[in-house]
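Here's the structure we're looking at; comments come further down.
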Amino acid sequence: MSVNMIRNFCIIAHIDHGKSTLADRMMEITSTVQQRDMKSQLLDSMELEREKGITIKLTPVRMNFRGHELNLIDTPGHVDFSYEVSRSLQACEGAILVVDASQGIQAQTLANVYLAMAADLTIIPVLNKIDLPAADVPRVSAEIINLLGCDESDIIKISAKTGEGVESVLDAVVDRIPGPVVADENVTKALIFDSYYDDYRGVVLYVRIFSGSISRSDTIEMLGTKASGQALEVGSLNPGMSPTGELSTGQIGYIVTNLHTTRDARVGDTVTTSRRRSTEPLPGYKLIKPFVYAGFFPTSNDEYQDLKDAIEKLSLSDSALQFEPENSPVLGYGVRIGFLGLLHMDIIRERLEREYNLDLVVTNPSTDYQVTLADGEEIDIKSASDLPDMSKIKEIREPWIKGEIVVPTDYIGGVIQLIVAKRGIQKNLSYIDERALISFEAPLANLLTDFYDQLKSSTSGYGSFNYELDDYRAEDLVRVDFYVAGEIVDALSVMAHRSEAQYLGRETVRKLKDVIPRQNFQVALQAAIGGKFIAREDLSAFRKDVTGYLYGGDVSRKKKLLAKQAKGKKRMKRFGKVDIPSEAFMVMLKRD
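Take 6 as the starting number for the sequence shown in the numbering used here and just add one per residue.
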C-alpha cells in the first residue's frame with residue numbers, strides 16, 4: 006500500500022473519558038471485528054483491565070476505511086502508565102484527544118496534550134459522552150478552544166457508547182492527519198513501542214517501520230542492546246495477529262522473534278536488519294526508571310522460589326519492572342521490586358496473587374534516596390534499612406516531583422492546605438474557565454501513601470492529579486526504626502523528614518498496637534531515631550487467673566502463686582518471641 010494511504014494515530018485522554026469505548030466503535034464501523042465477536046473494551050484483554058475499567062497496556066490495531074489503512078494505538082490514561090503514552094506518540098503522526106463532556110479537561114488530559122505537542126502531532130479534539138444528562142457541551146468546548154487554540158468547528162461531538170458521530174472521527178483521521186514521512190529507504194529502521202513475552206512464541210515486538218522493510222526470516226538487530234535474533238513471523242494486528250510476510254515503511258505491526266527476554270528488546274530501541282543495516286538509531290527516549298520500591302515476601306518461606314519465578318515471568322513482559330532478592334530477619338527471604346507508581350505496584354501485587362496463587366506480605370512502599378558519604382562516595386539506597394550509620398553521612402537527597410492539580414475553583418483552599426501539609430510548595434495558580442490549575446513541587450515520599458485518596462476526598466472527587474519526577478534535593482532526613490519487644494524490625498523502618506519523624510513514630514506505634522496480638526507477657530512497641538526513643542506504647546499481657554482454684558486458707562498461698570506467675574512472665578519476656586502479623590507491614594499505607 007502507498008505510504009500516502011497510511012494513517013498512524015493514537016487516542017489520548019484522562020482516565021475514564023472513553024478511549025477504549027471509542028476504539029470499540031471504530032472497529033465496529035470499519036468491520037475490523039465481526040459483530041458476534043464484539044464485546045466492550047475489546048482491546049483491554051487483561052482480566053484486571055476489564056475489572057478495573059482501565060487500560061494498563063497499550064494495544065495497536067489495524068483498520069481499513071475509505072481505502073486507507075488506519076493504525077490505531079489505544080493508550081492508558083493513568084498517570085503511572087504515562088511512559089506507555091510517550092512511546093506510542095513517537096510511533097504516530099496524529100492523536101485523537103478525547104474529553105468527557107461532563108467532566109471537562111483534567112490533569113492527565115493536559116499532560117497528554119503537552120506530550121503530543123512536544124512530539125509535533127496533529128491533534129483532533131473529540132468531545133465524548135454528549136448523551137449524558139450532566140454533559141455541558143458549550144463549557145467544555147470553550148475549555149478545549151482555550152487549550153488548543155482551535156475553532157469551534159474543529160471539535161467533533163460524539164457519544165462513543167451509542168456510536169453517534171464516530172464516523173466523522175474516522176473521516177477526520179483520513180482528512181486531517183498527514184501520511185508517514187519517508188526517510189532514507191536504503192536502510193531499515195523500526196521503533197519498538199511495546200514488547201511482551203509469549204510462553205509459546207518467545208518475545209513479540211510491536212513496531213513502527215520508519216524506513217525500509219522487515220520480512221519473515223530476516224536477521225534483526227537491536228541498536229541499543231546489541232542483541233540480534235530472527236524475525237520468525239511478521240504481520241498486522243486486526244486486533245488478533247494476522248501474518249502478512251512483510252512490514253514496509255509507515256506501517257505498524259508485530260514481529261515474533263526468537264529472543265528469550267524483553268530485556269534484549271527494550272521499548273524505545275531501534276530494530277534494523279542485516280540486509281539493510283543502519284548504524285544510526287532513531288531518536289529514542291530514556292530508559293524507564295522505577296521510583297517506588299516495596300518488599301514482597303511470601304507468607305511461608307517454602308514459597309520463595311515460586312515468588313521469584315512468578316516475578317521473573319512478569320518481568321519478561323514488563324520491562325519497567327526491576328527486582329533484586331532481599332532478606333529480612335522477621336519476614337525471611339523475599340524480593341524488593343521497583344515500580345512506576347502505586348497503581349503499578351497494586352496491579353503487580355494482584356497479578357501475583359491471582360495468576361500465581363501466592364500469599365504475600367508487602368512492606369510499606371518507599372522511594373530511592375541518593376546518599377553522599379563523608380569520604381565523598383555516592384550511593385543509592387532503595388529502603389531505609391540500607392542506610393549506613395548517620396555519623397558517616399554527609400547529606401541525603403530525596404526525589405521531588407513537579408505536580409499539577411486541576412480542580413473546581415471552590416476547592417482551591419483545601420487543595421493548597423493539602424499540598425502544604427505534604428511539605429509541598431505551591432508554584433503557580435491559573436484558571437481555565439471555572440477550573441483552577443495548581444502547579445506545585447513536593448517530595449515524592451510524602452505523596453506515595455494516600456495523597457490521591459486525600460485529594461479525592463477534599464475535592465468531592467472532582468480533583469485530578471498528574472506528576473513527573475523533577476530532581477533530587479538535600480533535606481534533613483532521618484531513619485525512623487521500630488522495635489517490638491526490644492527487637493528492631495528492619496522491614497518497618499522508614500525514612501522521614503526530621504520535622505515529621507516524631508508524629509510519624511507516635512502514629513505508627515499507636516497503629517501497631519491495634520494489629521499486633523497480645524501475648525502472655527507485656528510487649529513494648531517503640532519508635533527510635535538513632536539511639537533515641539521518640540515514642541512508646543505497651544501491649545498489656547494476657548492475665549491468667551492462677552489463684553482461681555484456691556478457696557479460703559492463708560493469704561500467703563495466693564501471694565506465692567502470683568509471685569511465681571510474675572517470675573514466669575519475666576522469663577517469657579526475656580525469651581519470648583512475638584509473632585508479627587502481615588497487617589503490621591501495611592500500617593504505613595494508610596496514614597490518617
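From the three backbone atoms N, C-alpha and C, an ideal C-beta is built for every residue, glycine too.
Close-in-space but distant-in-sequence residues of the same chain around residue i (CB under 6 Å, 5 per side omitted)
i	result
T275	K194, L228, P286, L287
L5	The structure shown has nothing for residue 5, since the chain only spans 6 to 597.
I539	Q507, G510, A532
K397	L378, A379
F70	T35, L175
S283	V192, K194, T277
E329	R341
Y416	T464
D597	Caution applies to D597, whose pLDDT of 48 falls short of 50 and renders its modelled position unreliable; the value that the coordinates give is listed next. Result list for D597: empty, nothing under 6 Å.
Simplified DSSP state of residue i, which is helix, strand or coil
i	result
P330	strand
Y309	helix
A7	Here residue 7 turns out to be Ser, not Ala, going by the sequence shown. Looking at S7 - three-state DSSP - the assignment turns out to be coil, as it is neither helix nor strand.
A490	coil
I573	Per the sequence presented here, residue 573 reads as Gly, with Ile not at that position. Reduced to three states, the DSSP call for G573 is helix.
P244	coil
V272	coil
H19	coil
A106	coil
T114	helix
S93	helix
I34	helix
Q507	helix
L120	helix
S630	This structure does not reach residue 630, given that the chain is present from 6 up to 597, and the question cannot be answered.
S25	helix
E54	Its pLDDT being 45, under 50, E54 is placed unreliably in this model, and the value from its coordinates should be taken loosely. E54: helix per DSSP, three-state reduction.
R281	coil
Proximity of residue i and residue j at Cβ, strictly below 8 Å
i	j	result
L27	V103	yes
E545	Q570	Per the sequence presented here, residue 545 reads as Ser, with Glu not at that position. Against a cut-off of 8 Å, the Cβ pair of Q570 and S545 comes out as no contact.
I78	C155	no
G245	R30	no
I129	R67	no
E409	A112	yes
V485	L509	yes
N535	M395	Residue identity differs from the one stated: residue 535 is Gly in this sequence, not Asn. Cβ atoms of G535 and M395: closer than 8 Å.
A165	N133	yes
V272	R92	yes
F487	T513	yes
I34	E74	no
L452	P370	no
Y298	D391	no
V340	F301	yes
L148	G109	Looking at the sequence provided, one finds Glu at residue 148 rather than Leu. Their beta carbons are under 8 Å apart, which means E148 touches G109 by this criterion.
D105	G170	no
A232	S222	no
N362	G184	no
K427	F470	no
G468	L460	yes
A589	I521	yes
P413	D364	no
A450	T368	no
A389	S498	yes
I160	I135	no
R356	L319	yes
L555	R548	no
N151	I430	no
Minimum Cβ-Cβ distance from residue i to chain D less than 8 Å
i	result
V514	In the displayed structure, chain D is absent; only one protein chain is listed.
Cβ shell of residue i (< 7 Å), same chain only, five flanking positions each side left out
i	result
K432	S444, F445, E446
L126	L94, C97, E98, G99, A100
Y472	V84, I406, K407, G408
V145	V104, A106, G109, L132
S241	R67, S247, T249, G258
Nonlocal neighbours in the same chain, by C-beta distance under 8 Å from residue i, ignoring five residues either side
i	result
V376	E383, I384, D385, I386, L392, P393, I398, E400, I401, R402
R541	V514, A529, L530, Q531, A532
L264	G207, V208, A232, G234, A270
Exercise. Does the stretch 333 to 348 come close enough to the stretch 204 to 219 to have 3 or more Cβ pairs within less than 8 Å?
Worked result: Flag = no, the stretch 333 to 348 and the stretch 204 to 219 do not touch.
Problem set entry | Complete runs of the beta strand (DSSP E) confined to the stretch 133 to 215 [at least 3 residues] | With a minimum length of 3 residues, the continuous beta strand (DSSP E) runs that stay inside the stretch 133 to 215 are 194 to 203.
Problem set entry | Contained alpha helix (DSSP H) runs [length at least 4] in the stretch 354 to 423, N- to C-terminal order | Counting whole runs of 4 or more residues, the stretch 354 to 423 contains no alpha helix (DSSP H) stretch at all.
Problem set entry | Any 3 or more C-beta pairs closer than 8 Å across the stretch 395 to 404 and the stretch 416 to 425 | Short answer: they don't touch.
For this session: Output the residue ranges of the beta strand (DSSP E) runs that lie fully inside the stretch 413 to 484 and measure 3 residues or longer, sorted by chain position.
Result: Correct list: 430 to 437, 440 to 448, 469 to 480.
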